[in-house]
Every structure is written in C-alpha cells, then in structure tokens.
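Undergrad: Under the working numbering, think of the first position of the sequence shown as 22, with each following residue one higher. Here a beta-carbon is modelled for each residue, glycine too, at the ideal position from N, C-alpha and C. One structure is given below, represented as structure tokens, and several questions about it will come after.
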Amino acid sequence: MSQPSLAVTFACYNQVDYTRQCVDSLVRTGFDLGRVIAVDNGSSDETRAYLAGLPLGGAVLNGHNLGCGVAWNQGALALQADWTVVMNNDVVVSPGWIEGLLHAAQRESLKVVSPALIEGPLDYDLDAIAADHGRRMRDTVRVGARHAVCMMIHRSVWDEIGYFRATPKLWGYEDTLFFRELEVAGIRTGITGASWLHHFGSVTLSALKRERGLSQKEGLSARDSYKLLGQSFLGRKLAKARRKRQEAAWREQELAKYGATVHGEKVDGGFRWL
Numbered sequence: 022m023s024q025p026s027l028a029v030t031f032a033c034y035n036q037v038d039y040t041r042q043c044v045d046s047l048v049r050t051g052f053d054l055g056r057v058i059a060v061d062n063g064s065s066d067e068t069r070a071y072l073a074g075l076p077l078g079g080a081v082l083n084g085h086n087l088g089c090g091v092a093w094n095q096g097a098l099a100l101q102a103d104w105t106v107v108m109n110n111d112v113v114v115s116p117g118w119i120e121g122l123l124h125a126a127q128r129e130s131l132k133v134v135s136p137a138l139i140e141g142p143l144d145y146d147l148d149a150i151a152a153d154h155g156r157r158m159r160d161t162v163r164v165g166a167r168h169a170v171c172m173m174i175h176r177s178v179w180d181e182i183g184y185f186r187a188t189p190k191l192w193g194y195e196d197t198l199f200f201r202e203l204e205v206a207g208i209r210t211g212i213t214g215a216s217w218l219h220h221f222g223s224v225t226l227s228a229l230k231r232e233r234g235l236s237q238k239e240g241l242s243a244r245d246s247y248k249l250l251g252q253s254f255l256g257r258k259l260a261k262a263r264r265k266r267q268e269a270a271w272r273e274q275e276l277a278k279y280g281a282t283v284h285g286e287k288v289d290g291g292f293r294w295l
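If you want it as structure tokens, here you go:
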C-alpha cells in the first residue's frame, strides 16, 4: 500500500529564533523540508533571510499581517497533500511524531489528529519524555478533542467543510470556528499519546497583538463569538461544561494508568498534567 503524501505548514511573524528551533527539530527528526511551506506575515526581523536559506517546498511572503486564517490557507493550498499538518512556529517536534499521528488517525479513523504536548520552558529532555510516554501511551486517544498548536488534517476535510475563516481581525479565533465546523459535520478528531511535541506558548499570536497595541486577552466580544459559532450564550456555556467534565475524566484515567496525561505544563522544575 502506498504511503500517504504529507505536507507541513506554519505561519510566522518575527520571532526568528523560535522558527529556527522548529525547523531544526523537523530536520533532526528526518522530515523532508521540501514538504514544508512557511508563510511569513510581514516580519521585520531576520525571518525572511533565514527562510530564504532553507530548502523549503515553498515560502509565502505576505506584505503585511493577513492573520492566522489567511496564512494557514495559503500554506495548505501551496502544497496540497493527503495529510496537511498546520502548526505553530513556536514548537519543537520529537522523533516519530508524524508516524504517531498517522498511527492514531488510522487506528481511530480520525480526520483531524493533534499530538500530545508539553508547554512552558524547554528545560527537560523532550526526546526522552516522548520516547517513554509515546511508547506507553501509544494507543491512548482523546477522541473528540483537538488543539490548534498542531493538527494533521486529512484532505477530505477541506472538501467537506472548507478552509479556515480568512478574517484578520479574528486574532486567532479561526481555530475555534474551524473546530465548530468539524463538530457540526461530525468529523472525527482526537489527541494522541503516540506523538509528542513541546510548545513554548502562543509566541506568534502574542507578537501580533503587541504590534497592534492589544492586550493578550483582547479579541472578539462574547456577542460576536456566539454569533459566529451559531450558538446561544447558554448553548456555549453548556458545551464548555460538558467539555470540561470530559477533560477531567480523561485526565483521571490517564493519570491512573500512566502517571501522566497528553497535556502537560513544565512548572517549577516539574510537570503538571492537565
């Protein structure tokens, strides 16, 4: 059976050191940079010079910040594949990360799958943690969950619900709208313990907001978000409560079995599992 085609895309805005760490981890884990599309949203630092020196599958250079949704769409369309990984540029991947995502997608019939992640400072041995947890938690999947730090999306999803909402003023809310469309369409998603990465924490979005003089909490109003999601205030609250109960149940089950979960934070020299 032939292997599925793969592509990776990420958006960046300044923060070249994080982009460099991300790309270095892709190279270190054996991913072909010829299958990577970088989308720069008008960086003013050394980002573009850095990207120009890489053997990428392509680089989209926007004249100014067009927002996350536009950039993600540009990357996904520039190199179309059976599976497209849309991820942040402030992440570091670990060996076997792609194989783990594909394993979970096939095993659980997922069309969108995200890896387990640890957030915070990278002051620990990610590869060692990923090897141990990835082996023990290989078949652990939170079916119905997902996150936008990194998500591998099957090409059939684009055909069924379309791409991301291309509105710059959404300020990162594009992922929430996309996830809502997945729910309405009944498309299976999941977070897998077979694949692990480190996330430094919303670096690019924070930089974009600082550029516009916005606080990190500013974005859409509650009224606008409910309207875009097609949900009432009560409906959104009930959905959030159900999600929190499910996350608590997953956490309890995973901690009891593995002593860890698929979402960790590095805090005060140790790990806090969420």
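Within 10 Å of its beta-carbon, does Gly90 have 16 or more other beta-carbons around it, so buried, or fewer, so exposed?
TA: By the C-beta density criterion, Gly90 is buried, having at least 16 other C-beta atoms within 10 angstroms.
Undergrad: Any contact of the segment 215-222 with the segment 108-116, i.e. 3+ C-beta pairs under 8 Å?
TA: yes
Undergrad: Less than 8 Å between the CB atoms is what I'm expecting for Leu75 and Leu98, so what's the real figure, rounded?
TA: Their Cβ separation, rounded to whole angstroms, is 20 Å, which puts Leu75 and Leu98 out of contact at 8 Å.
Undergrad: Please name the residue, chosen from Lys278, Ile119 and Asn94, that lies closest to Pro25 on a Cα-to-Cα basis.
TA: Ile119
Undergrad: Only counting runs of 4 or more residues, tell me where the alpha helix (DSSP H) segments fall wholly within the segment 70-108, in order along the chain.
TA: 88-99
Undergrad: Give me the residue from Leu295, Arg264 and Gly211 with the minimum Cα distance to Ala277.
TA: Here the closest residue by C-alpha is Leu295.
Undergrad: If you compare alpha carbons, which of Asp66, Asn86 and Val37 is closest to Gln190?
TA: According to the sequence displayed, residue 190 carries Lys and not Gln. Answer by Cα proximity: Asn86.
Undergrad: Compare the beta carbon distance of Arg49 and Asp61 with 8 Å and say whether it is the shorter of the two.
TA: For Arg49 and Asp61, no; Cβs fall outside 8 Å.
Undergrad: Along the alpha helix (DSSP H) that carries Gly155, what are the first and last residues, could you check?
TA: Annotation: the continuous alpha helix (DSSP H) that includes Gly155 extends over Leu147 to Arg157.
Undergrad: On the CB-based measure, 16 or more other CB atoms within 10 Å of its CB, does Gly290 come out buried or exposed?
TA: exposed
Undergrad: Which residue comes first and which comes last in the beta strand (DSSP E) that contains Asn140?
TA: Sequence check: residue 140 is Glu here, not Asn. Unbroken beta strand (DSSP E) run through Glu140: Val133 to Glu140.
Undergrad: Buried or exposed: where does Gln237 fall if 16 or more other Cβ atoms within 10 Å of its Cβ makes it buried?
TA: Interpretation of Gln237 is limited by its pLDDT of 44, a score under 50 that renders its predicted location unreliable; no figure is taken from the coordinates.
Undergrad: Give the C-beta separation of Ser130 and Cys171 to the nearest angstrom, bearing in mind that I take them to be a contact with Cβ-Cβ under 8 Å.
TA: Between Cys171 and Ser130 the Cβ distance is about 20 Å, and since that is not below 8 Å, they are no contact.
Undergrad: Quickly, what does DSSP pair Val114 with across the bridge? List them, please.
TA: In the DSSP output, where bridge partners are listed per residue, Val114 has Leu218.
Undergrad: Using CA atoms only, rank isn't needed, just tell me which of Tyr71, Asp160 and Val57 is closest to Gln101.
TA: Val57
Undergrad: Who are Arg293's beta bridge partners in DSSP?
TA: Glu286
Undergrad: In the DSSP output, which residue or residues are listed as bridge partners for Cys33?
TA: Asp61
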